[in-house]
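Student: Going by mature numbering (1 follows the signal peptide of the UniProt record, and there is no 0), the letters in the sequence shown line up with residues -16 to -1, 1 to 345, in that order. Every residue, glycine too, gets a C-beta built ideally from N, C-alpha and C. My questions all concern the structure below.
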Amino acid sequence: MLKIFLIAFFLSKIYQTIERPLVIGHRGSAYLPELTLETQSMGHALHSDMIEIDVCLSRDNQLLVVHDLYLNAVSNVGNLYPNRNRSDGYHYVIDFDLAELRRLTIHERTIPFTNTQVYPSRFPSSSSIPFSLSTLNETLELLLGLRRSTNQQYQLLIEIKNPEYHSQYNRSISEILLSTLAAYNLTELTDPIVIQTFHIEELIHIRKNHGSRLRLVALLTWNWLNESSSDYDFYRSEQGLQNLSWIVQGIAPNMELLVNFDSNGSIIDMTNLTSLAHKYQLAVYPWTFRYDTYKGNFKELIDFFHRKVQVDGFITSQPDLVIKLLEQTTTNAMGELPGISMLLYGLIFVIYLLMKMNTSI
Ligand SMILES: *[C@@H]1O[C@H](CO)[C@@H](O)[C@H](O)[C@H]1NC(C)=O
Ligand SMILES: *[C@@H]1O[C@H](CO)[C@@H](O)[C@H](O)[C@H]1NC(C)=O
Ligand SMILES: *[C@@H]1O[C@H](CO)[C@@H](O)[C@H](O)[C@H]1NC(C)=O
Ligand SMILES: *[C@@H]1O[C@H](CO)[C@@H](O)[C@H](O)[C@H]1NC(C)=O
Ligand SMILES: *[C@@H]1O[C@H](CO)[C@@H](O)[C@H](O)[C@H]1NC(C)=O
Ligand SMILES: *[C@@H]1O[C@H](CO)[C@@H](O)[C@H](O)[C@H]1NC(C)=O
Ligand SMILES: *[C@@H]1O[C@H](CO)[C@@H](O)[C@H](O)[C@H]1NC(C)=O
Ligand SMILES: *[C@@H]1O[C@H](CO)[C@@H](O)[C@H](O)[C@H]1NC(C)=O
């Protein structure tokens, strides 16, 4: 009897983990300055399934975990290196060596050249805590180290920032990324790494020319944003999605490509992109669910993407909140009826009774 209940318990646990979409901490989490090792750790501690990070190259070809190609929104670079800006006023990551970048302190995101926080209610950008820029190596060691010390799984969703920009400097950021991952023995589909980028042809190159077996995800958005030279109008079409499915495991569109919103942020209806992607076995991970900037009802937003759109993951600044809301919708889905796991226990119990009756007859 105990054995049967243990089996039922494990089945219901497996069911729950399969059932809930992935929750992916955007740049770690919203609670500490973006992409620092501290906020990545916090994203993990809040039970994110994945942590999303961005990588750029330094002048000496080291991979830095940083979102913008320049440093002015998140660091004291202007104070430390006043004469190292370009004619547009910005200080670019690729103009600095790692040893120079290590001297920077990182703060909560501000509008460049001002002290105005982009997200006013987040961690104070004026804090004197010396957060620092993290390298990809440190981030990988954090991943592998925390997976061991906490015995909790989590994965990294690594965005290659602007491969076309990097190639103007005659560097292949993808090649450097793949060889760094290989140095940490991270090369397989089953390893806790997913690579994404806006430049779709770069993903094709990674799969076909480099023969990488890692999971790949295509970032999708509108062409007018100029995120890369890729033609997203094509990749969002049925033929485009089919072509993608030969190369990547999933797509990561901005959420407005999956759902139409009115000007007040209320949901109107959904587009056909999710069902088309699912038709070609592509996972769908929309971005970015930000509780502190969404104008509508955040719970309804999460419910709609979960229940109606049926996305496979949420890229979010508040992973803890999204997990809580998903668990509520999972257990409330059947109204007053008992949850799925209770049904499973009941079913196993009935089977047990039938078996018992059978043996006693
Ligand atoms: C570069 O930075 C210096 C010092 O911060 C500033 O005085 C100068 O105006 C900047 N250059 C440009 C082109 O913005
Ligand atoms: C990249 O290589 C090309 C061709 O070899 C060369 O003309 C160009 O100056 C190089 N660019 C940089 C930034 O090194
Ligand atoms: C990061 O790891 C790669 C691969 O082991 C190595 O080539 C590189 O020098 C390392 N970078 C730093 C800054 O430790
Ligand atoms: C690399 O990972 C594979 C499994 O993915 C494992 O079998 C192998 O032992 C690892 N090699 C090293 C050197 O850690
Ligand atoms: C994208 O590029 C076009 C053509 O260069 C330009 O007109 C447009 O303003 C750019 N859009 C954005 C959002 O930068
Ligand atoms: C998509 O796949 C079709 C069929 O194989 C092929 O003809 C076409 O060139 C592909 N398009 C792109 C942009 O890769
Ligand atoms: C948005 O909200 C305002 C104020 O509540 C309302 O007047 C307006 O009609 C709404 N717009 C839409 C598109 O629903
Ligand atoms: C999906 O929607 C787009 C835009 O609304 C439309 O152009 C396309 O034909 C639709 N595709 C399918 C297969 O329904």
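Check asparagine 316 in the structure and name its three-state DSSP category.
Tutor: Stepping through the sequence shown from its first residue, residue 316 is reached at position 332. At asparagine 316, the pLDDT of 48 sits below 50, so the modelled position is not reliable; the number obtained from the coordinates is stated separately. Helix, per DSSP.
Student: Using a strict less-than 6 Å threshold between each residue's beta carbon and the heavy atoms of ligand 5, what residues do you get?
Tutor: Trp208, Leu209, Asn210
Student: May I have the straight-line CA-CA distance separating asparagine 69 from histidine 51, to the nearest angstrom?
Tutor: As a position in the sequence shown, residue 69 is number 85, starting the count at 1. As a position in the sequence shown, residue 51 is number 67, starting the count at 1. When rounded, the distance between both Cα atoms is 18 Å.
Student: CB of asparagine 99 to nearest heavy atom of ligand 8: below 7 Å?
Tutor: By one-based count along the sequence shown, residue 99 stands at place 115. Because no heavy atom of ligand 8 lies under 7 Å away, the Cβ of asparagine 99 does not count as near it: no.
Student: So, helix, strand or coil for leucine 130, using DSSP?
Tutor: What you label residue 130 is simply residue 146 of the sequence shown in a count that begins at 1. It is helical.
Student: Looking at the structure shown, is aspartate 274 part of a helix, part of a strand, or coil, going by DSSP?
Tutor: Sequence index remark: in the sequence shown, residue 274 carries index 290 (1-based). A small fix is needed here, since residue 274 is arginine in this sequence, not aspartate. Three-state result, arginine 274: coil.
Student: Any idea which residues DSSP pairs threonine 10 with across the strands?
Tutor: Within the sequence shown, the letter at position 26 stands for residue 10. Note on residue identity: the sequence assigns histidine, not threonine, to residue 10. Answer is Glu36.
Student: Excluding sequence positions up to five away, which residues of its chain have a Cβ less than 7 Å from the Cβ of isoleucine 90?
Tutor: What you label residue 90 is simply residue 106 of the sequence shown in a count that begins at 1. Pro17, Thr20, Val58, Ser59, Phe115, Ser116, Leu117.
Student: Helix, strand or coil: how does DSSP classify proline 237 here?
Tutor: For the purposes of this step, residue 237 is taken as the residue at position 253 of the sequence shown. Note: proline 237 maps to strand in three-state DSSP.
Student: Specify, as a first and last residue, the run of the alpha helix (DSSP H) that glutamate 185 falls within.
Tutor: To locate residue 185, count along the sequence shown from 1; it is residue 201. Segment 184 to 192, the alpha helix (DSSP H) holding glutamate 185.
Student: According to DSSP, is arginine 86 helix, strand or coil?
Tutor: In the sequence shown, the residue the question calls residue 86 occupies position 102. Three-state DSSP puts arginine 86 in coil, outside helix and strand.
Student: Beta strand (DSSP E) containing aspartate 287: first to last residue?
Tutor: Taking the sequence shown and counting its residues from 1, one reaches residue 287 at position 303. Element bounds for aspartate 287: not the beta strand (DSSP E) but the alpha helix (DSSP H), 282 to 287.
Student: Hey, out of Lys263, Gln137, Leu203, whose CA is closest to threonine 272's CA?
Tutor: Working through the sequence shown from its first residue, we reach residue 272 at position 288. Out of Lys263, Gln137, Leu203, Leu203 has the C-alpha closest to the C-alpha of threonine 272.
Student: What does the alpha-carbon distance come out to for the pair isoleucine 251 and histidine 75?
Tutor: Your numbering for residue 251 matches position 267 in the sequence shown. Your numbering for residue 75 matches position 91 in the sequence shown. Roughly 39 Å separates the two Cα atoms.
Student: Roughly how many angstroms lie between the CA atoms of threonine 277 and alanine 14, to the nearest whole one?
Tutor: Numbered from 1 along the sequence shown, position 293 holds the residue referred to as residue 277. Numbered from 1 along the sequence shown, position 30 holds the residue referred to as residue 14. Going by the C-alpha atoms only, they are around 12 Å apart.
Student: Is it right to say serine 259 is buried, meaning 16 or more other beta carbons lie within 10 angstroms of its own, or is it exposed?
Tutor: Here residue 259 is taken as the residue at index 275 of the sequence shown, counted from 1. The residue is exposed, with fewer than 16 neighbouring Cβ atoms inside 10 Å.
Student: Pick helix, strand or coil for phenylalanine 115, following the three-state DSSP scheme.
Tutor: Residue 115 sits at position 131 when you count from the first residue of the sequence shown. Residue state, collapsed to three classes: strand.
Student: Of all residues in the structure, which have a C-beta closer than 6 Å to any heavy atom of ligand 3, taken in chain order?
Tutor: Residues with a Cβ closer than 6 Å to any heavy atom of ligand 3, in chain order: Gln46, Leu82, Thr119, Asn121, Thr164, Ala167.
Student: Name the DSSP beta bridge partners of glycine 297, please?
Tutor: Counted from its first residue, the sequence shown places residue 297 at position 313. Note: glycine 297 sits in a beta bridge opposite Leu6.
Student: Cα-Cα, which of Arg86, Leu120, Thr300 is closest to tyrosine 168?
Tutor: The count along the sequence shown starts at 1 and reaches residue 168 at position 184. Among Arg86, Leu120, Thr300, the Cα nearest to that of tyrosine 168 belongs to Leu120.
Student: Do you know how far the Cα of leucine 55 is from the Cα of aspartate 79?
Tutor: As a working note, residue 79 is residue 95 in the sequence shown. As a working note, residue 55 is residue 71 in the sequence shown. Looking at the two C-alpha atoms, the distance is approximately 11 Å.
Student: Looking at C-alpha atoms only, which residue of Asp38, Met254, Ile157, Glu284 is the closest neighbour of glutamate 44?
Tutor: Here residue 44 is taken as the residue at index 60 of the sequence shown, counted from 1. According to the sequence displayed, residue 44 carries aspartate and not glutamate. Nearest option by C-alpha distance: Ile157.
Student: Quick one: what does DSSP say glutamate 18 is sitting in, helix, strand or coil?
Tutor: By 1-based counting over the sequence shown, the position of residue 18 is 34. Glutamate 18: coil per DSSP, three-state reduction.
Student: How many angstroms separate the CA atom of serine 110 from the CA atom of leucine 88?
Tutor: The sequence position of residue 110 within the sequence shown is 126, counting from 1. The sequence position of residue 88 within the sequence shown is 104, counting from 1. Their Cα atoms are separated by approximately 15 Å.
Student: Taking the C-alpha atoms as reference points, what is the distance between asparagine 193 and leucine 48?
Tutor: Numbered from 1 along the sequence shown, position 209 holds the residue referred to as residue 193. Numbered from 1 along the sequence shown, position 64 holds the residue referred to as residue 48. So the alpha carbons of these two residues sit roughly 24 Å apart.
Student: Let me confirm a value: histidine 183 is counted as buried when at least 16 other C-beta atoms fall within 10 Å, else exposed. Which label applies?
Tutor: As a working mapping, residue 183 is identified with position 199 in the sequence shown. With 16 or more other Cβ atoms within 10 Å, it is buried.
Student: For valine 334, count the other beta carbons within 10 Å of its own beta carbon; 16 or more makes it buried, fewer makes it exposed. Which is it?
Tutor: Mapped onto the sequence shown, residue 334 falls at position 350. Burial call: exposed.
Student: For lysine 279, count neighbouring Cβ atoms within 10 angstroms of its own Cβ and tell me buried if that reaches 16, exposed if not.
Tutor: As a position in the sequence shown, residue 279 is number 295, starting the count at 1. Its Cβ having fewer than 16 others within 10 Å, lysine 279 is exposed.
Student: Using three-state DSSP, classify serine 110 as helix, strand or coil.
Tutor: Numbered from 1 along the sequence shown, position 126 holds the residue referred to as residue 110. Serine 110 falls in the coil class under three-state DSSP.
Student: Pick out the complete alpha helix (DSSP H) segments inside the stretch 143 to 177, 4 residues or longer, and give them in chain order.
Tutor: 147 to 152, 157 to 167
Student: Which term fits histidine 28, buried or exposed, when burial requires 16 or more other beta carbons within 10 angstroms of its beta carbon?
Tutor: What you label residue 28 is simply residue 44 of the sequence shown in a count that begins at 1. Burial state of histidine 28 is buried, judged by a 10 Å Cβ sphere holding 16 or more other Cβ atoms.
Student: Answer yes or no: the CB of glutamine 223 versus the heavy atoms of ligand 6, is any distance below 7 Å?
Tutor: The residue you call residue 223 lines up with position 239 of the sequence shown. Yes, ligand 6 has a heavy atom inside 7 Å of this Cβ.
Student: Within the present structure, is the beta-carbon of threonine 89 separated from the nearest heavy atom of ligand 8 by less than 7 Å?
Tutor: Locating residue 89 in the sequence shown gives position 105, counting from the first residue. False, no ligand heavy atom lies under 7 Å from that Cβ.
Student: Leaving aside the five residues before and after valine 293 along the sequence, list all residues of the same chain whose C-beta is less than 6 Å from its C-beta, in chain order.
Tutor: Taking the sequence shown and counting its residues from 1, one reaches residue 293 at position 309. Closer than 6 Å at the Cβ level, and outside the excluded window around valine 293, lie Leu242, Met254, Thr258.
Student: Quick check on this structure: which residue in Ile113, Met34, Gln152 has the alpha carbon closest to the alpha carbon of leucine 141?
Tutor: Here residue 141 corresponds to residue number 157 of the sequence shown, with the count starting at 1. Looking at the Cα atoms, Met34 is the closest of the given residues.
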